[in-house]
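Protein chains in written order, with my numbering: chain A, 1 to 103; chain B, 1001 to 1585.
Glycine included, every Cβ here is placed at the ideal spot set by N, Cα and C.
Predicted, not measured: the structure shown is a model, and the values here were computed from it.
Here's the structure, in structure tokens; my notes come after.
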Amino acid sequence: MREIAVKILREAETGRGHYQTYTVEVDDHAVVSVMTLLEKIYTTQDHTLAFFSHAACRQAACGKCMVKVNGAVKLACKEKVTGDQITLEPYSPKVVRDLLCEN
Amino acid sequence: MERSIPYDVVIVGSGGGGLRAAISAAESGAKVLIVAKGKINRSGSTLLAGANLSADIACDGRSLYEMGLSEWNKDDSKDKFFEDVCHEGFYLGNQRLVRRFVDDAPDRIRELMDWGMEVLGLEGERGISVFGSAILDSLFRRVRELGIPYVENTVFTDLVVENGAVAGCTCVDLLSGDIRYIPAKAVVLATGGSHGIFRNNSGPSDCCGEGPAAALRAGAELIDMEMISFCPAVILYPEMYKGNILPYIMNTTGYGQFINKYGKTFTQRYLSPRVEALALDTEWNKMLLSYVMQKEINSRRCNRYGGVYYTLALSPQELREELYNDLPSLAKGIYGDIMEIFHSGRCVTCAPFAHYFEGGVRVDENMAASLPGLFGAGECTGGMFGANRVSAATTEMLVEGNIAGASAAAYARDAVPGQASEAHLKELEDALLLPFRTTGGPSPVELRQELQDITGSCLSVLRTQEKLDKGLERIGQLREALGRASLAAQTRKYNREWLDYLQLRNGVVTAGATILAASLRKESRGVHVREDCCYTDNVQYLKNLVVTDCQGGTRWEEPVHTAVRPEPVRRDYIPYVEEVIEKLS
Ligand SMILES: Cc1cc2nc3c(=O)[nH]c(=O)nc-3n(C[C@H](O)[C@H](O)[C@H](O)COP(=O)(O)OP(=O)(O)OC[C@H]3O[C@@H](n4cnc5c(N)ncnc54)[C@H](O)[C@@H]3O)c2cc1C
Ligand code: FES
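Shown next, in the form of structure tokens:
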């Protein structure tokens, strides 16, 4: 098993943003995306996490799942996670909640 | 609850069906609003049609010839096309609807081209090939021209009914969490398929079967709910690409093969060479190949991820070049990423995933539901294709959208505006906010897992009475548990767990109606395969099953046959499929 530390900027919308780190375990050979990790965290660790999920194509077609990955804006469903550490932040200053932005 | 300004017609959903309905309602002079869960021009299955590589829009070959699109099939006719669609639906399709489908298809294609849709080429003898996104772009261009207003990130939850007729609908604005009542004389449901009730589905996350459930709760009826098409070869593993139908597309083009964990091919185990050729080389591959894949997966030859492998021969280099020549899009974007798996010497695991929902809201040929003021368009409706969809669902959504919008506008012209009473709205609001008032109950996240466990266990490609009965029992327990659900976060602003609750509240109704219908149809027909009743029975089951309420009420109904009628026979399932295929032109 491979452990990935996922550091997420939360509650920036309140002006009291803070980082929270989750540890996600995946298979050694697993090919996972940022969205896979977010879904795993939401389903098994923290039901309060907010990220784009209500009309997600999951196939890099709708362009709505943008998130800042290690400082660069990416599509969560298309971005492959290779290292064992990753930082996720909202991609725009207009944060609705956690990683979800208005646009 | 907030009240918005009133409209003549509210359209729910912004896939191809919803956008097309909005256009014809507005062109008919109605004051229209589109309620969209996602991005107005980038949501629904329409976006993913043909994996956004090559979606087909169907119409008869003669019309394609007359439009200057194809020389191939000019001896074809609308009548031949009509007959084929009737046969292919195993005689459960509403033939008045099929007639409209065949008659209107060329106009729907022509106008999309007028609105700027690029045609990539031909697909088979009765279709053109386009990008799913191109369909949405051309429709949305027209929506903008007409100045039709819309709201995004808004989840429709319920139809509002006063004095036995539709008086609008309620929605949740996901970003603010506000609940809103939108007064309207007519509502067109175009919410797409019920993918979300399955863990393994090929659709986008917005399609959860909310339209049919809300319709049933409000007093409309559902039809053919047991009929669900599976896409036979969808990626199950690696997880990142789960739900992608690329292997199916490549296989249909002719590339690659399916092997079990021992590295052996297996289609020949279950199908005669003749039927196997049909399964692999024709449009029938969805149904037949799903059957074969599921049989193999249910055996001890299933691989460690719960599916079978799809492998691609990339050497010698010539084969690789052939592949990229035929499917140039594989070189870039997400498909380029998936291809890396094959280039690194590995492969993907596939299984049949829930893909298209033949059943849905019962409508007549004007797209009107039995509830006055309610109309439907596209995949959320039922009746057109009967027991198997072989022709294009894209054509279905366009044809139905066009009719539904015009019908709704005509209805609204004469209807008196209904306004919901405060008491009724309060009741609806209370139901939506229920999990905020409860503490210590089960989370909608776990309940959604349970729903998907249930559908996975009893509504897969191969069904049995025992599993369906057990499934129904578990749905009952799930409904009860849902009444005790509570949430981890109390905010209403983009609360995903609350959204899961809202979707689940409808999902259990849709799933319940589907399991019930599948348990009552004790035969195998089209895409509904019962391992314990392996025959198609035209003596007893040449009927549509109508679900009449949320309490398990049902009725068998004679299908609408205007021209094509089958022999009153009872035959083994696969031989009967062969027999039906023989009748096609
Ligand atoms: C991967 C894939 C490939 C396909 N390929 C083909 C193909 O090649 N050819 C073909 O003919 N068909 C294909 N189909 C089927 C076809 O794409 C669909 O049947 C068709 O696009 C449905 O159109 P629709 O407008 O009815 O629904 P959709 O396009 O699914 O749109 C539904 C809309 O309703 C919205 N919605 C849902 N619930 C709510 C709610 N509660 N509140 C507000 N809005 C809501 C959604 O956001 C979306 O905008 C494919 C389907 C899939 C999944
Ligand atoms: S979910 Fe659509 S682009 Fe990522």
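Test: A/Q59 CB closer than 8 Å to a CB of chain B
yes
Which ranges would you report for the beta strand (DSSP E) in the segment 1040–1087 of chain B if only whole runs of at least 3 residues count?
1055–1058
Suppose you measure from the CA of B/G1168 to the CA of B/A1022; what does that come to, to the nearest Å?
Approximately 16 Å between the Cα atoms of the pair.
Can you have a look at B/W1556 and say buried or exposed, based on whether 16 or more other CB atoms are within 10 angstroms of its CB?
exposed
Should the segment 1264–1281 of chain B be regarded as contacting the segment 1199–1219 of chain B, the criterion being three or more beta carbon pairs within less than 8 Å?
no
Just verifying my parser: in three-state terms, what is the DSSP assignment at B/I1005?
coil
For a test of your reading of the model: does the CB of B/R1496 fall under 7 Å from any non-hydrogen atom of ligand 2? Yes or no.
no
Give the interface partners of B/D1206 over in chain A, defined as CB-CB distance under 8 Å, in chain order.
H54, A55, A56
What are the boundary residues of the alpha helix (DSSP H) that includes B/C1458?
1444–1458
For ligand 2, is there a heavy atom less than 7 Å away from the beta-carbon of B/G1333?
Relative to ligand 2, the beta carbon of B/G1333 is positioned no closer than 7 Å to any heavy atom.
What residue range is occupied by the uninterrupted alpha helix (DSSP H) comprising B/N990?
With chain B covering only 1001 through 1585, there is no way to say anything about residue 990 of chain B.
Between the CA atoms of B/R1565 and B/L1447 - distance to the nearest angstrom
44 Å
Below 8 Å on C-beta distance, what does A/K80 contact in chain C?
Protein chains A and B are contained in the structure displayed, whereas chain C is not.
Consider the C-beta atom of A/A60 and the heavy atoms of ligand 2; say whether any pair is separated by less than 7 Å.
Answer for A/A60: yes, Cβ within range of ligand 2.
Cβ-heavy atom distance between B/K1037 and ligand 1 below 7 Å?
yes
Please classify A/Y19: is it buried, with 16 or more other beta-carbons within 10 angstroms of its beta-carbon, or exposed?
exposed
Do A/N103 and A/T87 have their C-beta atoms within less than 8 Å of each other?
no
Should B/D1224 go down as buried or exposed, given a rule of 16 or more other Cβ atoms within 10 Å for buried?
buried
For the alpha helix (DSSP H) that B/V1292 lies in, which residues bound it at each end?
1285–1297
List the DSSP bridge partners of B/A1351.
B/V1234
If you check the beta carbons only, do B/G1512 and B/A1165 fall under 8 Å apart?
no
Short Cβ contact (8 Å threshold) for B/R1020 with B/G1401
yes
Using only the heavy atoms of ligand 2, determine whether one of them is closer than 7 Å to the beta carbon of A/L100.
The beta carbon of A/L100 sits no closer than 7 Å to any heavy atom of ligand 2.
Output yes if chain B places a C-beta closer than 8 Å to the C-beta of A/S92; else output no.
no
Relative to the C-alpha of B/K1467, which residue among B/I1515, B/T1438, B/G1147, B/T1510 is closest?
B/I1515
Taking just the CA atoms, how far does B/L1033 sit from B/R1492?
24 Å
Does the distance between the C-beta of A/C77 and the nearest non-hydrogen atom of ligand 2 fall short of 7 Å?
yes
Can you tell me whether B/D1532 is helix, strand or coil according to DSSP?
coil
Cβ-heavy atom distance, A/A56 to ligand 2, below 7 Å
yes
To the nearest angstrom, how far is it from the Cα of B/Y1255 to the Cα of B/T1265?
Near 14 Å, if we compare the C-alpha coordinates of B/T1265 and B/Y1255.
Residues bridged to A/K68 (per DSSP):
Answer is A/V73, A/E89.
Kindly indicate which residue of B/G1093, B/A1026, B/I1040 has the alpha-carbon position closest to the one of B/P1559.
B/G1093
Quick check: does the Cβ of A/C65 come within less than 7 Å of any heavy atom belonging to ligand 2?
yes
Could you name the residues of chain A that B/G1050 contacts, counting a contact when the two beta carbons are closer than 7 Å?
Those within 7 Å of B/G1050 in chain A number zero; the least Cβ separation is about 11 Å.
Can you pull the chain B neighbours of A/D87, defined as C-beta to C-beta under 9 Å?
Contrary to the premise, residue 87 of chain A reads as Thr rather than Asp in this sequence. The contacting residues do not exist; A/T87 stays about 19 Å from chain B at best.
Kindly examine ligand 4 and report whether one of its heavy atoms sits closer than 7 Å to the Cβ of B/D1056.
Inclusion of ligand 4 in the displayed structure is not the case, the ligand content consisting of ligand 1 and ligand 2 alone.
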